[in-house]
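Residue numbers (the UniProt record's numbering): 1 to 370. Cβ atoms here follow ideal geometry from the backbone N, Cα and C, with glycine treated the same way. Because the structure is a prediction, the values reported are computed rather than measured. The structure appears below as structure tokens.
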Ligand code: ADP
């Protein structure tokens, strides 16, 4: 069993900097957990504390039932794959993978079996006698993974392992690592600043900012129900649009006013806004680009939509979809649409925002209302 528990973990660096604050996280056996957030948010520090490469200033780390705060990295039964894969240049692929086992005095036949098995899993069978400089970037990254696999660890830790690869290879390796997780059936903890990697690979995503965990959940939970504006804006591409909306009450019903444009909130959202004291206040409305449509493409009853005029500022045609950069009142928003009509900069269009998919956030705390 390789369940991990992080309880009230804090990290203060020697200069007093507080890099991780009161982190609580349960990682179940065989999960693929992705720590994601902007650069400097404390992801690597967290991973390095799990690996034992960094002291834990405060709090408790359990692997299985064992408190491991003071257990040496080599005794934690984990293996780490880094961004710069740090292969030994003078050793063959075989030797690179065998090396740590040799150091640990594993029997020769056992080493041979494990290296060949790992090479089979990673498609490296024909490259075992090559030196790292005779390999492509993707192949080197696979050797780095192989070095971790042969150790048969309970937990794999990966720190931005794909960031040195070109865009196309990154996409391929992303799938390979996800498949590898299924094959090995062990716990993976993966650090990235790239929300697409997090969304596509993780079974559980931990979004961090400023050393603080913002939200933990499945990719779908995080995408559909972000707990605050940071998570809402960080996960999803192009990012969620935010618009100021004044909440008003007219003949008992709750409306939103975007400048002089009024729309009625659904009954449950209106009720909630009233109950929580948002009437006559301004909230942030969050709308994902895919929920802004051109009015022509809206077939159902239009009362389900917030309809507004907008001006096209830029058209990004991407093939399967188009990003429309729009001026909507004083706001710059992006709509993601499947386009089958000619659109050009300067055109005035009517857009329809799907009322069922809007998010509301408190303007001050930035926490979700609905
Ligand atoms: P991430 O992996 O999310 O980019 P890190 O965990 O590497 O972030 O770093 C978190 C914060 O801690 C950053 O602000 C970084 O500058 C700081 N930091 C990292 N290592 C040290 C160190 N050895 N001493 C002081 N501050 C550090």
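In this chain, the alpha helix (DSSP H) harbouring residue 197 covers 195-201.
Closest by C-alpha distance to residue 345, out of 362, 360, 327 and 355, is 327. Cβ-Cβ distances below 7 Å link residue 173 to 138, 141, 162 and 165 in the same chain, with the five nearest sequence neighbours on each side left out; the list follows chain order. The alpha-carbon of residue 56 is positioned some 51 Å away from that of residue 305.
Residue burial is scored here from C-beta neighbours: residue 79 has at least 16 other C-beta atoms within 10 angstroms and is therefore classed as buried. Taken through DSSP and simplified to helix, strand or coil, residue 172 comes out as helix. Remark: the C-beta of residue 59 is outside contact range of the ligand ADP, defined as less than 7 Å to any heavy atom.
Here the C-alpha atom of residue 77 lies approximately 22 Å from the C-alpha atom of residue 94. As the crow flies, the alpha-carbon of residue 246 is around 16 Å from that of residue 308.
In the structure shown, the three-state DSSP call for residue 100 is helix.
If you check the C-beta of residue 163 against the ligand ADP, you find no heavy atom less than 7 Å away. Counting C-beta pairs closer than 8 Å gives three or more between the stretch 147-161 and the stretch 34-50, which meets the contact rule. Under the three-pair Cβ rule at 8 Å, the stretch 317-334 counts as touching the stretch 232-249. Straight-line spacing of the CA atoms in residue 222 and residue 300 works out to 28 Å. Take the alpha-carbon of residue 33 and the one of residue 226: they are about 17 Å apart. Three or more pairs of CB atoms, one per stretch, sit closer than 8 Å, so the stretch 82-92 contacts the stretch 124-131. DSSP places residue 91 in the coil class of the three-state scheme, outside both helix and strand. Contact between the stretch 271-282 and the stretch 345-355 is absent, with fewer than three C-beta pairs closer than 8 Å. Relative to the ligand ADP, the nearest heavy atom lies less than 7 Å away from the CB of residue 191.
Taking all protein chains in view, the Cβ of residue 220 is surrounded by fewer than 16 other Cβ atoms within 10 Å, so the residue is classified as exposed. Beta-bridge pairing by DSSP links residue 261 to 258.
Here residue 215 is bridged, per DSSP, to 207.
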